[in-house]
Amino acid sequence: MTGRVASGRGGGRLRLFFAALAVVTFAALAAVAWPWAQGILAAPPSEDFTLAALEVKGLRLLNGDDILEASGLAVGDNIFRVDLNAVALRLDSLVWVKRARIVRKPPDRLAITILERQRFAWVELDGRILGIDAEGVLLPGAELEREEREILDLPVLRGAVIGVPNLDSPAAMPGQILADSSLALVLEWWAEAAALEPAFSRNFSEIRPLGADAVRLFMVGDGLEVRMPMDRVQERLGVLEELMGRVYRECPDPSYVDLRYEGQVVVGNGSTNRKEG
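Residues in the sequence shown are numbered consecutively from 306, following this note's numbering.
Below is the structure:
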């Protein structure tokens, strides 16, 4: 019994000695290797980190060639010497780019994520038709090759005076913010209508301001004019949707529907008006 105990204690000391030796050896290796690793991490990238390809995500309207040209990048650029902020600013200058983000993907790639602008409506300015996004940024009027027909099927926002250029100010250009305050209100109304009643709102072909607090809507097809206040958008569109069948049933050739009067609807038919409670 005594010999066995002594043998056990000796084995424990031996294991403890080898464990301590391993710790000392590891510490010594780390002391030698860490300065070398620090040197590698702190050293400037080598010339081997040359750009071979761009990874571009988020493109729906633009294509990779558009992004490459605007970025100012070229195959062979050192990815660690590229100013990513400068590249992002160049891409942001494209009228269809809302935001661009670039990250490095060593050893030979840059990854670019693009958030594109999207047409939200058409707008007539200075006698020209331009696109406009939900933030009021003007977009080119020309259709892009990759735009689907459904995207282009949007209402035209027009001012109170149609098709008359404003000679007192320079012509509006794509990339600028919509400056016409009355049209800005119409755009805000359309944004709410499209969000709350997307299906029914597709029936509008044209929207114009009516005073400071109402809009004039023109329906797809027969061009029926609808006048309504800008407030309580969902409620008023719901009333209009319910009324449409009755209007056409009781008025063979309606010229306008007016919802601006609380508790009643005025339907114009040629030279006569009909009021409905």
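All residues carry an ideal CB built from backbone N, CA and C; glycine is no exception.
Beta-bridge pairing by DSSP links residue 456 to no other residue. C-alpha of residue 507 to C-alpha of residue 389: approximately 41 Å in a straight line. The C-alpha of residue 424 is placed about 23 Å away from the C-alpha of residue 374. DSSP places residue 354 outside any beta strand (DSSP E), giving it a letter other than H or E. In the same chain as residue 397, and ignoring 5 residues on each side of it, the C-beta atoms closer than 6 Å to its own belong to 405, in chain order. Annotated as proximal: residue 541 and residue 533, with beta-carbon spacing under 9 Å.
The alpha carbon of residue 392 has as its nearest neighbour, out of 411, 372, 410, the alpha carbon of 372. Collapsing the DSSP output to three states places residue 371 in a helix. Between the beta-carbon of residue 426 and that of residue 494 there is about 11 Å, and that puts the pair past the 8 Å contact cut.
Where residue 499 is concerned, the enclosing alpha helix (DSSP H) starts and stops at 486-501.
Within the DSSP secondary-structure output, residue 561 pairs in a beta bridge with 530, 573.
In the three-state reduction of the DSSP assignment, residue 398 falls in the coil class, being assigned neither a helical nor a strand state. DSSP places residue 524 inside the beta strand (DSSP E), whose first and last residues are 519-524.
Ranked by Cα distance from residue 475, the first of 402, 431, 535 is 431.
At least 9 Å separates the beta-carbon of residue 505 from that of residue 455. Distance from the CA atom of residue 439 to the CA atom of residue 356, rounded to whole angstroms, is 36 Å.
Taking C-beta separations shorter than 8 Å and ignoring five residues to either side along the sequence, the partners of residue 525 in its chain run 507, 508, 509, 510, following chain order. Residues of the same chain with a CB within less than 6 Å of the CB of residue 381, apart from the 5 flanking positions on each side, are 355 in chain order.
A distance below 7 Å between beta-carbons, with the five flanking residues on each side excluded, links residue 376 to the following residues of its chain, in chain order: 392, 395, 396. For residue 544, there is no enclosing beta strand (DSSP E); the enclosing alpha helix (DSSP H) covers residues 538-555. The C-beta separation of residue 512 from residue 491 comes to about 5 Å, placing the pair in contact by the 8 Å criterion.
Excluding its 5 nearest sequence neighbours in each direction, residue 463 has C-beta neighbours in its own chain below 7 Å: 429, 511, 513, listed in chain order. Around the beta-carbon of residue 411, fewer than 16 other beta-carbon atoms lie within 10 Å, marking it exposed. Between residue 364 and residue 384, the C-beta spacing is not below 9 Å.
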